[in-house]
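What follows is one structure encoded as structure tokens, with my remarks underneath.
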Amino acid sequence: MMSAPHADQLVSDYLGRLDSALAGLPKARREEILDEITNHIAEERSRLHDESDADLRNLLDRVGDPGEVAGAARDETVEPQVQRPSRRIGPVEVLALVLTPLFWPAGVILLWLSPAWNLRDRLIGTLLPPGGYIFIFFFLPLILFGGLQPSGSCMTVSDSQGNVIQHSCTGFEALPGWQQDLLQAAGIGMFLLLLVLPVLTAIYLTYRARKWSSEPVG
Amino acid sequence: MPIEGLATQLRKGVIEYCVLAMLRDSPRYGGELVQMLRNQGGLLTSEGTIYPLLSRMRAEDLVDTEWREAPAGSPRRYYRLTKAGQRAVVEFQREWVRFRVTVDGIFGDRGGR
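If you read the protein sequences in the order shown, they are chains U and W. For the first sequence, this note's numbering gives the first residue as -4, with consecutive numbering after it. For the second sequence, this note's numbering gives the first residue as 3, with consecutive numbering after it.
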């Protein structure tokens, strides 16, 4: 029978050597292994009737050389590929795709959080068009019917008999007819483009996310 | 390959599945698994190496764990087979039987008597 302090010293020496041998492993794994082996030794010790020096050394021998245990831990840590982040289109990506056109601020935040898109994709999602449909339906009418409407006016000066002395137009109205038609057509075209742009952007982002998820995990 | 190295390689190949198989009937804690393996003889040379193995199998979701009170001392981490673990046991058993039959068929009656 040896003294308890000496026995405790042997065990804590062993655990100290194990702890240094486990250095370099992920912290959680290192703690888990150290914890389990600490408990294991404590339980085995409680089964020894007469804890002799030889018994205890025997016990620690059976647990194994710290280097060997750490070596096994290192082998086991390199092998599994399971813990790598999986490249799957998840709820975040789906929500980002739905919300970017419909509820732009939330969608864009998710767009920037998800690893599925690179900087270019994120910029496209954010800026084409900025604000998504919220912008188009709430702000575009203001602009269209406010300041940006084709503006211009004509003035006719007549004499007392009703003969036109002078007829002059300014701004939009001053343009020849075919140019006015062209500008109006361009305006309608721009409006239609703005209407489908969020959908086109969402389709592009979906394509990019699918491409991302099909690439091998690096 | 020297025969000593061969034994080590064979042990490494099967120990994981033996541990999984020992969990088929009920969850067990590490010390319990070590004792069972000790009684089977020779599969586990350094008993401490079972813990890195268990930790890896947990990371791979072959087992999960729960804490249970011990009669004395600190609580024990019990290891339990997951669905994936159960499948792995069944698959290993099928492979192992096929393997054993093949090798026995080649060695015939002259094997190790």
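Using N, Cα and C, we set each Cβ at its ideal position, and we do this for glycine too.
> With DSSP run on the structure shown, which of helix, strand or coil describes residue 88 of chain W?
Replying inline: In the structure shown, residue 88 of chain W sits in a helix (DSSP, three-state: H, G or I).
>> Against chain U, does residue 43 of chain W count as a neighbour if the rule is that its beta carbon must be under 8 Å from one of theirs?
In response: The beta carbon of residue 43 of chain W does not come within 8 Å of any beta carbon belonging to chain U, so the residue lies off that interface.
> Going by the beta-carbon positions, is the gap between residue 83 of chain W and residue 12 of chain W smaller than 8 Å?
Replying inline: It is not a contact, given that the beta carbons lie outside the stated cut-off.
> Are any of the Cβ atoms in chain U nearer than 8 Å to that of residue 8 of chain W?
Replying inline: For residue 8 of chain W, not one C-beta of chain U is nearer than 8 Å to its own C-beta.
>> Could you check whether the Cβ of residue 29 of chain W sits closer than 8 Å to any Cβ belonging to chain U?
In response: Under the Cβ distance rule, residue 29 of chain W does not count among the residues neighbouring chain U, no pair being separated by less than 8 Å.
> Which stretch, first to last residue, makes up the alpha helix (DSSP H) that contains residue 84 of chain U?
Replying inline: No alpha helix (DSSP H) contains residue 84 of chain U, which DSSP labels as neither H nor E.
> So, does the CB of residue 74 of chain W fall closer than 8 Å to a CB anywhere in chain U?
Replying inline: Nearest CB-CB separation between residue 74 of chain W and chain U: below the 8 Å threshold.
>> Given a cut-off of 8 Å on the beta-carbon distance, is the pair residue 121 of chain U and residue 106 of chain U in contact?
In response: The answer is yes: Cβ separation under 8 Å.
>> I'd like to know whether the C-beta of residue 41 of chain U is nearer than 8 Å to at least one C-beta of chain W.
In response: Among the residues facing chain W, residue 41 of chain U is included, as its CB has a counterpart in that chain under 8 Å away.
> Under 8 Å between the Cβ atoms of residue 196 of chain U and residue 119 of chain U?
Replying inline: Yes. Within cutoff.
>> Could you pull the DSSP bridge partners for residue 147 of chain U from this structure?
In response: Answer by DSSP bridge pairing, in chain order: U:166.
> Between residue 84 of chain W and chain U, is there a C-beta pair that is closer than 8 Å?
Replying inline: With 8 Å as the cut-off, residue 84 of chain W does not count as an interface residue toward chain U.
> Where do the ends of the beta strand (DSSP E) carrying residue 78 of chain W lie?
Replying inline: Counting along the chain, the beta strand (DSSP E) containing residue 78 of chain W begins and ends at 78 to 83.
> Per DSSP, residue 159 of chain U is paired with what?
Replying inline: The secondary-structure analysis by DSSP pairs residue 159 of chain U across a beta bridge with U:153.
> In chain order, what residues of the segment 50 to 76 of chain W put their CB closer than 8 Å to some CB of chain U?
Replying inline: Answer set for the segment 50 to 76 of chain W: 50, 51, 53, 54, 55, 56, 57, 58, 61, 62, 63, 72, 74, 75, 76.
>> Would residue 13 of chain W pass as an interface residue toward chain U - the criterion being a Cβ-Cβ separation below 8 Å?
In response: Judged by the 8 Å Cβ criterion, residue 13 of chain W is not in contact with chain U.
> Does DSSP put residue 42 of chain U in a helix, a strand or coil?
Replying inline: Three-state DSSP puts residue 42 of chain U in a helix.
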